[in-house]
Each structure stands twice: as structure tokens, then as C-alpha cells.
Amino acid sequence: MLAVVPGHRAPETWGDWAAWKFVRIARWTMDRATGLKPEQQVDKKNPTTAVVANEPLTEAQWLVRFIFLESIAGVPGMVAGMLRHLGSLRRMKRDNGWIETLLEESYNERMHLLTFMKMSEPGWFMKVMLIGAQGVFFNGMFLSYLVSPKITHRFVGYLEEEAVHTYSRCIREIEEGQLPKWSDPNFNIPDLAVQYWNIPEGKRTMRDLILYIRADEAVHRGVNHTLSNLNQNEDPNPFTSEYKDGHKPAAALKPTGYERAEVI
Numbered sequence: 001m002l003a004v005v006p007g008h009r010a011p012e013t014w015g016d017w018a019a020w021k022f023v024r025i026a027r028w029t030m031d032r033a034t035g036l037k038p039e040q041q042v043d044k045k046n047p048t049t050a051v052v053a054n055e056p057l058t059e060a061q062w063l064v065r066f067i068f069l070e071s072i073a074g075v076p077g078m079v080a081g082m083l084r085h086l087g088s089l090r091r092m093k094r095d096n097g098w099i100e101t102l103l104e105e106s107y108n109e110r111m112h113l114l115t116f117m118k119m120s121e122p123g124w125f126m127k128v129m130l131i132g133a134q135g136v137f138f139n140g141m142f143l144s145y146l147v148s149p150k151i152t153h154r155f156v157g158y159l160e161e162e163a164v165h166t167y168s169r170c171i172r173e174i175e176e177g178q179l180p181k182w183s184d185p186n187f188n189i190p191d192l193a194v195q196y197w198n199i200p201e202g203k204r205t206m207r208d209l210i211l212y213i214r215a216d217e218a219v220h221r222g223v224n225h226t227l228s229n230l231n232q233n234e235d236p237n238p239f240t241s242e243y244k245d246g247h248k249p250a251a252a253l254k255p256t257g258y259e260r261a262e263v264i
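Counting in the UniProt record's numbering, the sequence shown runs from 1 upward without gaps.
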């Protein structure tokens, strides 16, 4: 978990560029919607790798961002898994292991949301915002995946870059004591989190919880960037495949994803 770092895959094609720009628009929208002040923003030239800002966020601001982010992040895996499931039924062919990974990703993101919901209850205004955002995002993802699964997976890869960046910055602010409540070693994280991640005694601080969640996001980042590099209809899922040499790709430690030649 400690080896996870923020990273960025530079756009190489027009599809990559379009996906990256849509994520930047989404990031700008979230910053405005969650009331992020200019002095709380990081270097705009390195938006997914810079984690230092002139002013830290408060615990309340972080929870708003986490809940907003996770309520959206659980959508892509479900949409992609659903469409690939239906495609498998229509073609009467196996899906080569993609569906399970995509649905697992969606479930994992939902558990992130439920964990943070144990720490903060959104007000009616935020709930209305989330309903609207989810409706727009679900339909957008649905149409996008029908048109180009490759670009959609790249978009999700970039979205997960933002997630890794967000949690990395939060970890840094906790370590520097800028979030006094969460820096307290006696702060109690939700029991739901302890059970889901099977967190051992002595490793149940807020910093530890964010490390677990960041590790999940790093996996999703590497998985989606890798899936975007594959043949969407023929290639097997390299993260569920068995390799003769016993070596399996480690998505969390590959910020830019694996190229097709590395895993196929």
C-alpha cells in the first residue's frame, strides 16, 4: 500500500485526449460543487501528481469530496459489466473474465461510499446533487461504452488517477498533522471498514483506512488503463488469467497500465 504513488498516463491518441479532457471538466465541476478555494488547489500544471497546496482542506471538506467521488465512481464498473454481460448473452460466447473484474470494481467503490457514509450524513442539497450527477453519469457512461469501450476504459483510468491523487493528498495532510481529528491515533474508523478490509489491530487509524482505499483505487487505475490497451472483443482479462510462470500483473503498481504486448 505504501508503494502506491500518484501517476499520469500521457494521452497518445485523440480518444485518450478526449477522455482526459472530460475528466478535467469533471474535476473542475467537483471543485466548484464542493467549495474548494483557490488556495486549496494544487499545481494546475500537474493536477494528478502534485499533492501540495497553500491551504489544507478540513475533515468536513474531505468527507464531502470522498462521498461525491465515490457515489460516481461506482457507476462505470456496473455499466461496463452489465453491457458486457448482455453482449456475452447475445453472442453466446464467454467474456474472457472481464465481467467479474468490472462488477467487483463497482462493488468495491460502493463499499468506499458506505464507509464514508458512516462518518458523515449528506444534507438534502448534496443528496439532490448526487441523484442528478448519477443520472447524467450513468447515461453518459452507457452511451459511451456502446460507442467506444476503449475510450471509456481510458476515461475511467484517468478518473482513478484523480482518486489516487485525492487520497494521496489526504494522507499527506494527515501525516503532517493538518487534520487534527484524523491525525489522532485514537480516532475510531467505522467497524464496516474493519470487517471489509480485515484491518488488524493497531492498524485502524484514519491514515490506515485511507491507505487501504487508495490501494483499491490504484488497482482500478491500472486495470482500466490496461483494459483500454487491449482488443475489446477478443483479449482475455490479464488480471484473472493464469500464467505459466506464475507471475500475475500488479495493477496497483502500474499507474499507466500494462501495454498489450506485456500481458497478452
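Glycine is no exception: its CB is placed at the ideal position from the N, C-alpha and C atoms.
Residue nearest to residue i in terms of C-alpha spacing, selected from the options
i	options	result
Met-1	Tyr-258, Gly-257, Ala-250, Ala-215	Ala-215
Lys-150	Trp-182, Val-164, Asn-224	Asn-224
Thr-49	Trp-124, Glu-161, Met-129	Glu-161
Thr-115	Ser-168, Ala-163, Ala-33, Ala-193	Ala-193
Trp-20	His-165, Leu-159, Glu-109	Leu-159
Leu-57	Gly-35, Pro-47, Glu-70, Lys-44	Gly-35
Simplified DSSP state of residue i, which is helix, strand or coil
i	result
Ala-10	coil
Leu-211	helix
Asp-191	helix
Phe-239	coil
Leu-253	helix
Val-223	helix
Ser-120	coil
Thr-205	coil
Pro-180	helix
Range of the contiguous alpha helix (DSSP H) that encloses residue i
i	result
Phe-68	59-91
Arg-94	Note, Arg-94: premise wrong, no alpha helix (DSSP H); not H, not E.
residue 267	The structure shown does not extend to residue 267, since the chain spans only 1 to 264, so no value can be given for it.
Val-263	260-263
Check whether residue i and residue j have beta carbons under 8 angstroms apart
i	j	result
Val-51	Gln-134	no
Arg-84	Ile-67	no
Arg-27	Thr-256	no
Ser-183	Ile-174	yes
Rounded distance between the beta-carbons of residue j and residue i, thought under 8 angstroms
i	j	result
Tyr-258	Pro-236	At roughly 13 angstroms, the Cβ-Cβ gap does not stay under 8 angstroms, so Tyr-258 and Pro-236 are not in contact.
Gly-81	Ser-106	7 angstroms
Phe-155	Val-79	So it is not a contact: roughly 12 angstroms between Cβ atoms.
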